[in-house]
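If you use the numbering used here, the sequence shown corresponds to residues 1 to 553, in order.
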Amino acid sequence: MRRRDLPALLLAAAMPLPALSSPALAAAPAARPRAEAEAMLRLAARLRLLSVDGLSPRLYDIPPDARLGADPQGHAAALYAAAGAALADLVQGRVTEQPGRPDLRRDLSPARLAQWQAQLLRSPEPAEVIEQAALSHPDMPALRLALQAVRARVEAGGWPLVPPGGTLDPGMADPVRSRPARPPRRRRHHLGRRPGCRRAVRHGARGGGAPLAGRAWAGRGWPRRPRHAAADESPGRGLARPVRVAMDMRRGAAAPPAGRRIEVNIPEFRLWVMEGARTLLEMPVIVGKAARATPPLAVKMTAVQFNPPWGVPERNAREDLLPRFRRDPRAMMEKGFRLFTVVGGERVEVDPMTVDWASVNPQRFPYIVRQDASDVSALGRLKFVMPNGDDIYLHDTPDRHLFSRGDRALSSGCIRLSQPMELLALVLENAPGWNRERAQAALDSRQTSFVGLARTLPVRLAYTTVTVEDGLVRVRPDIYGLDAAYLRLLDQRRPAPGAAPGAAPVPLAQNTASSTAGAPSAIPAPARPAPEQPRPARAEAPGPAEATKVASP
Numbered sequence: 001m002r003r004r005d006l007p008a009l010l011l012a013a014a015m016p017l018p019a020l021s022s023p024a025l026a027a028a029p030a031a032r033p034r035a036e037a038e039a040m041l042r043l044a045a046r047l048r049l050l051s052v053d054g055l056s057p058r059l060y061d062i063p064p065d066a067r068l069g070a071d072p073q074g075h076a077a078a079l080y081a082a083a084g085a086a087l088a089d090l091v092q093g094r095v096t097e098q099p100g101r102p103d104l105r106r107d108l109s110p111a112r113l114a115q116w117q118a119q120l121l122r123s124p125e126p127a128e129v130i131e132q133a134a135l136s137h138p139d140m141p142a143l144r145l146a147l148q149a150v151r152a153r154v155e156a157g158g159w160p161l162v163p164p165g166g167t168l169d170p171g172m173a174d175p176v177r178s179r180p181a182r183p184p185r186r187r188r189h190h191l192g193r194r195p196g197c198r199r200a201v202r203h204g205a206r207g208g209g210a211p212l213a214g215r216a217w218a219g220r221g222w223p224r225r226p227r228h229a230a231a232d233e234s235p236g237r238g239l240a241r242p243v244r245v246a247m248d249m250r251r252g253a254a255a256p257p258a259g260r261r262i263e264v265n266i267p268e269f270r271l272w273v274m275e276g277a278r279t280l281l282e283m284p285v286i287v288g289k290a291a292r293a294t295p296p297l298a299v300k301m302t303a304v305q306f307n308p309p310w311g312v313p314e315r316n317a318r319e320d321l322l323p324r325f326r327r328d329p330r331a332m333m334e335k336g337f338r339l340f341t342v343v344g345g346e347r348v349e350v351d352p353m354t355v356d357w358a359s360v361n362p363q364r365f366p367y368i369v370r371q372d373a374s375d376v377s378a379l380g381r382l383k384f385v386m387p388n389g390d391d392i393y394l395h396d397t398p399d400r401h402l403f404s405r406g407d408r409a410l411s412s413g414c415i416r417l418s419q420p421m422e423l424l425a426l427v428l429e430n431a432p433g434w435n436r437e438r439a440q441a442a443l444d445s446r447q448t449s450f451v452g453l454a455r456t457l458p459v460r461l462a463y464t465t466v467t468v469e470d471g472l473v474r475v476r477p478d479i480y481g482l483d484a485a486y487l488r489l490l491d492q493r494r495p496a497p498g499a500a501p502g503a504a505p506v507p508l509a510q511n512t513a514s515s516t517a518g519a520p521s522a523i524p525a526p527a528r529p530a531p532e533q534p535r536p537a538r539a540e541a542p543g544p545a546e547a548t549k550v551a552s553p
């Protein structure tokens, strides 16, 4: 990047040009060239603007400009230590790992970071290097503008909440006109557009939910305040959080695999089959409800099961099926549900019509429940097997009407597919002896059967609430609170290298060695925080069947 391009780049990214400190320049010793001192002050000013990149400048111990005149060598060492820590975070991400998040793919190659560090040390304009690193991901300009727009709106008073209840009709004068379109229920939020009520309503109807006939549901107001938010937090400030998380998640993101793979974005309720950068199939899906969240995973699909039966996990039997058996056991039998108990070490079937369901204790459910394969089975006619510790899989479903809903966090953890046959065709495309006709024959046989895949297929269940599509930033609800957990790590100060666990936070280590240009000969690598231990989602004692982590559809 040419030096004269920096102001244009900062202006295009909606970031003010760093101002120079005249008193600090005046105090700079004559031995230090004025141009070098100006470059140091521009670097310090750029680091103080890391908030535009979603990072907190206070975490980098940027030295005051006044130190340039009193202690130029110390100022340079401290400044380059801060710049090195910030550069590492901008290149690799500040949160490089998080328990329970195998979907976070990072390129933590030391050689890549070393190239950026060398560029920072030898550049006559190190602020430009920081700016280049900050915008190295193609989504960053749009995310930065979105973050600035949200913060500007908060400073101007924020977006008012739509009053609960009722509907919004085209032509009404209400808060929708002065903020981004409010999609109904848990639709995605849009940043950077200010549509009128009619356009907002139309957009909400196109957002993947049921047609709204020209009216938008006002519901509980938008944006919905997250559970972790402070009581006095404005909606706009709440939107800044997922954007900051999204910026850090993209830093150092590893390139996707070159071959065929399956990608699911849980908060977006969508699945893609990809071949490199090419999309082969895209479909709406249903994911786990908040109480039975779909975990982020990086696994391999190994087989397909035709006409799968469903061995109902105990939790589902207690919470979901017991009330239905109490209401109408005959209807449950007609849907293929069967009861079993163990007598003398052997499994014995029980007639649901002979059970006194009112006396069954849900805390000690005495039966094993199974649903036979059928058109009304919870698993539908197809199950895509991908071995994992949570027994999560992709499957068909008879509840086709649920795919018209905008909020599709409805399952007990597994992924329900809106187009299972289309996925089957791609999965078995290169399987010897298999074609669509043979697959249909296997389904029509009503017999349970397996077909193993000759080559396993990578499957990633990712959790990303913010997406960028054609320059438009979309923010979706943090349905499982994973953004909140990520944000805590993002704003956590790292302990000094070698500090004991639990020690009080201290400033980042500084390298006092300097080159003839005032920069250290090497930038110390920043210490990474210990991964945050996952917090229990709820105080609930698992039943005997749940100890095996058996998931349900």
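Note that beta-carbon positions come from the ideal geometry of N, C-alpha and C, so glycine has one too. Values in this document were obtained by computation on a predicted structure and should not be read as measured data.
Rounded C-alpha distance that separates residue i from residue j
{"i": "PRO362", "j": "GLU319", "result": "7 Å"}
{"i": "ILE415", "j": "GLY259", "result": "22 Å"}
{"i": "GLY288", "j": "LEU322", "result": "20 Å"}
{"i": "LEU490", "j": "SER56", "result": "9 Å"}
{"i": "LYS335", "j": "ILE479", "result": "31 Å"}
{"i": "THR279", "j": "GLU36", "result": "49 Å"}
{"i": "ARG488", "j": "ALA82", "result": "21 Å"}
{"i": "ARG58", "j": "LEU121", "result": "22 Å"}
{"i": "GLY208", "j": "ASP103", "result": "Any answer about GLY208 is weak, because its pLDDT of 37 lies below 50 and its placement is not dependable; what the coordinates show is given next. Taking the straight line joining both Cα atoms gives about 25 Å."}
{"i": "LEU68", "j": "LEU79", "result": "10 Å"}
{"i": "ASN435", "j": "LEU424", "result": "10 Å"}
{"i": "VAL473", "j": "ALA146", "result": "7 Å"}
Residue closest to residue i, alpha-carbon to alpha-carbon, out of the options
{"i": "GLY100", "options": "LYS383, VAL348, ALA298, PRO308", "result": "ALA298"}
{"i": "ARG251", "options": "ARG151, GLN447, ASP89, ALA484", "result": "ASP89"}
{"i": "GLU349", "options": "TRP357, MET332, TYR367", "result": "TYR367"}
{"i": "ALA566", "options": "ARG324, ALA39, ARG292", "result": "Outside the shown range of the chain, which is 1 to 553, sits residue 566, and nothing can be said about it."}
{"i": "ARG476", "options": "ARG153, PRO242, PRO63", "result": "PRO242"}
{"i": "GLN148", "options": "LEU49, LEU43, THR464, PRO33", "result": "LEU49"}
{"i": "ARG446", "options": "VAL129, LEU68, SER374, ARG46", "result": "SER374"}
{"i": "PHE337", "options": "GLY344, GLY345, ARG347, PHE325", "result": "PHE325"}
{"i": "GLU560", "options": "GLY84, GLY345, ALA240, ASN265", "result": "Nothing can be reported for residue 560: it is not among the residues displayed for the chain, which extend from 1 to 553."}
{"i": "LEU41", "options": "SER109, ALA114, PRO126, GLU429", "result": "PRO126"}
{"i": "GLY238", "options": "VAL150, GLU282, LYS300", "result": "VAL150"}
DSSP-derived helix/strand/coil call for residue i
{"i": "ARG186", "result": "Caution is warranted here: a pLDDT of 47 is assigned to ARG186, below 50, making its placement in the model unreliable, and no coordinate value can be reported."}
{"i": "ILE479", "result": "coil"}
{"i": "MET140", "result": "helix"}
{"i": "ILE130", "result": "helix"}
{"i": "GLY276", "result": "coil"}
{"i": "ARG318", "result": "helix"}
{"i": "ARG94", "result": "coil"}
{"i": "PRO362", "result": "helix"}
{"i": "LEU79", "result": "helix"}
{"i": "ARG338", "result": "strand"}
{"i": "GLN419", "result": "coil"}
{"i": "ALA503", "result": "Low per-residue confidence applies at ALA503: pLDDT is 41, beneath 50, and the placement is therefore not dependable enough to give any value."}
{"i": "THR600", "result": "Because the chain in this structure spans residues 1 to 553, residue 600 falls outside the shown range and cannot be described."}
{"i": "VAL473", "result": "strand"}
{"i": "TRP217", "result": "Reliability fails at TRP217, whose pLDDT of 30 lies under 50, so the model's placement of it is uncertain and the value that follows must be treated cautiously. Residue state, collapsed to three classes: strand."}
{"i": "PHE384", "result": "strand"}
{"i": "PRO308", "result": "coil"}
{"i": "ARG112", "result": "helix"}
{"i": "PHE325", "result": "helix"}
{"i": "VAL355", "result": "coil"}
{"i": "VAL376", "result": "coil"}
{"i": "SER404", "result": "helix"}
{"i": "SER411", "result": "strand"}
{"i": "GLU125", "result": "coil"}
{"i": "GLU282", "result": "strand"}
Neighbourhood of residue i by C-beta, 7 Å cutoff - its chain only, sequence neighbours within 5 removed
{"i": "THR302", "result": "VAL385, MET386, PRO387, GLY452, LEU453, THR456"}
{"i": "ALA442", "result": "PHE306, SER449"}
{"i": "LEU379", "result": "PRO308, TRP310, HIS395, ASP396, PRO553"}
Residues near residue i by beta carbon distance below 6 Å, same chain, minus five either side
{"i": "ARG244", "result": "GLY54"}
{"i": "MET353", "result": "PRO329"}
{"i": "ASP376", "result": "The sequence given here places Val at residue 376; Asp does not occur at that position. LYS335, PRO398, listed in sequence order."}
{"i": "GLU275", "result": "ARG260"}
{"i": "PRO267", "result": "THR465, ARG476, ILE479"}
{"i": "ARG34", "result": "none"}
{"i": "ARG94", "result": "ASP248, LEU490"}
Expected contact under 8 Å - CB spacing of residue i and residue j to nearest Å
{"i": "GLN92", "j": "ARG106", "result": "7 Å"}
{"i": "ASN316", "j": "SER449", "result": "About 25 Å separates the two Cβ atoms, so there is no contact after all."}
{"i": "MET140", "j": "MET247", "result": "7 Å"}
{"i": "PRO461", "j": "PRO296", "result": "In the sequence under discussion, the amino acid at residue 461 is Leu, which differs from the Pro named in the question. Correct: roughly 5 Å between the Cβ atoms."}
{"i": "MET249", "j": "THR464", "result": "7 Å"}
{"i": "VAL304", "j": "VAL427", "result": "6 Å"}
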